[in-house]
Amino acid sequence: LGIEVRLEHHEVAECQHEVVFHHKSLLEMADLLIFAKYFAKLFFFQRGIDVTFMPKPFQDLAGSGMHCHLSLWRGNENLFEGDGELSNEGKSFLAGVLRRVKEFTIFSNNTVNSFKRLVPGFEAPVYVTWGYGNRTTLVRIPSYTSKLNRIEVRSPDPLSNPYFTFTAILLAGMEGMKAKAKLPPPTQENVYEMVEEERVARGIEPLPASLKEAIEMAEKSEIVDKILGPKGKKLYLEEKKREWERYLNYLKLHQLPVNTKAVTKWEKERYFHA
1 LGIEVRLEHH EVAECQHEVV FHHKSLLEMA DLLIFAKYFA KLFFFQRGID
51 VTFMPKPFQD LAGSGMHCHL SLWRGNENLF EGDGELSNEG KSFLAGVLRR
101 VKEFTIFSNN TVNSFKRLVP GFEAPVYVTW GYGNRTTLVR IPSYTSKLNR
151 IEVRSPDPLS NPYFTFTAIL LAGMEGMKAK AKLPPPTQEN VYEMVEEERV
201 ARGIEPLPAS LKEAIEMAEK SEIVDKILGP KGKKLYLEEK KREWERYLNY
251 LKLHQLPVNT KAVTKWEKER YFHA
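Per the numbering used here, the sequence shown starts with residue 1, numbered consecutively.
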C-alpha cells in the first residue's frame, strides 16, 4: 500500500494511538496522510470500529495533533545540522516559522474544534515559543538523539489540510532564511506555568484562541495570499466565517458562552467522522 510506518504506540488518552511515518518529501507526505487517513477509517469501519481524526473529541482527555518533523536538505547536506546545535540557517528558518505561525493557523488548525485542543495541560502548544525537548512549546527541537538537525512543529492537527499547512511552514521558513531572521532565546520552562507578566516581559505571544481569531489573522496575511491567491483566499475565509457563524448559532440556541472549552454536540456531529 506504500504506507511505511516507522513507529506506532499507544498515546496518553484512552484508545489513542500515535503513528509515525518514514520521512518523505513534503508533497509525498501530504499525499500519504490523505491516503492513510482514508485507509484507516475504511479498514476499521469494516470491522465495526470508528476511527476519528477530530482534534479534541473529549474535553478531559488529550487531543490529537499532527506534529510535523522537518529538515531542509541541499543534496546530501542537512542544512539544519550545525556544530552541536541547530545551524544558523536552521535558526533563521525556525524564526520565520515563529514569525508567521499565527497567520497560517487558519491552515494548521482550521476547525472550531481545533482550538479546544490548544489549551494548557495536554502537551499542546498555546504560545509562540520554541525549545530543546520542551513539549510545552510550539516548536520543539527533539533532543533524544545526538544530532539537533530537525524541528518539530506541534500545532497542526489531523483535520488540517496538509498541502496548505506544509506549504505555509516552508514559505515562512524560507522567508526567515532569506532575511537571516534572528531567533529569540529558547524557552526551557513549562510555558503553561508561567504567569502572564513573565510571558509579556519575554515577548511570548499566544496563538489564536479560536477560529474567529485565526480568520482575523489570515485576513491580513501575506503568506495566505501567496498560497491561495486573492480569490482563493476570499472564498476560503468566507467558508470559515460561515462555519464560525453556524457554531455561534448553536451556542446561542443552547445558551453556552462563546469561549466555552466544552466539546459540543455540534462539533462531534460535524468533525468526528471528518
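Here a beta-carbon is modelled for each residue, glycine too, at the ideal position from N, C-alpha and C. Note that the coordinates shown come from a computational prediction; the quantities given were computed from them, not determined experimentally.
Review point. What does DSSP give as the partner residues of residue 78 in its beta bridges?
Key: 73
Practice item. Let me know the secondary structure DSSP gives residue 200 once reduced to three states. Key: helix
Review point. Under three-state DSSP, which class holds residue 131?
Key: strand
Check your understanding: For the ligand PLP, any of its heavy atoms closer than 7 Å to the Cβ of residue 179?
Key -> For the structure depicted, the ligand PLP is absent and the ligand set is empty, with no information on it obtainable.
Exercise for review: Below 7 Å CB to CB, which residues in the same chain sit around residue 170 once its five sequence neighbours on both sides are set aside?
Suggested key: 26
Exercise for review: Confirm, please, whether the CB-CB distance from residue 271 to residue 109 is below 8 Å.
Suggested key: no
Point to revise | Three-pair Cβ contact test at 8 Å for the region 205-212 versus the region 233-250 | key: yes
Practice item. Pull up the distance between the alpha-carbon of residue 187 and that of residue 137, whole angstroms please. Key: 7 Å
**Study point:** Simplified DSSP assignment, three categories, for residue 256
**Key:** coil
Exercise for review: May I ask which residues mark the beginning and end of the alpha helix (DSSP H) holding residue 6?
Suggested key: From DSSP, residue 6 is part of no alpha helix (DSSP H) but of the beta strand (DSSP E) over 5-10.
Review point. Is residue 223 closer than 8 Å to residue 100 when the C-beta atoms are compared?
Key: yes
Exercise for review: Run the CB neighbour count on residue 92, radius 10 Å, all protein chains shown included, and call it buried at 16 or more, exposed below.
Suggested key: buried
Exercise for review: Return the residue from the list 82, 274, 263 that minimises the CA-CA distance to residue 119.
Suggested key: 263
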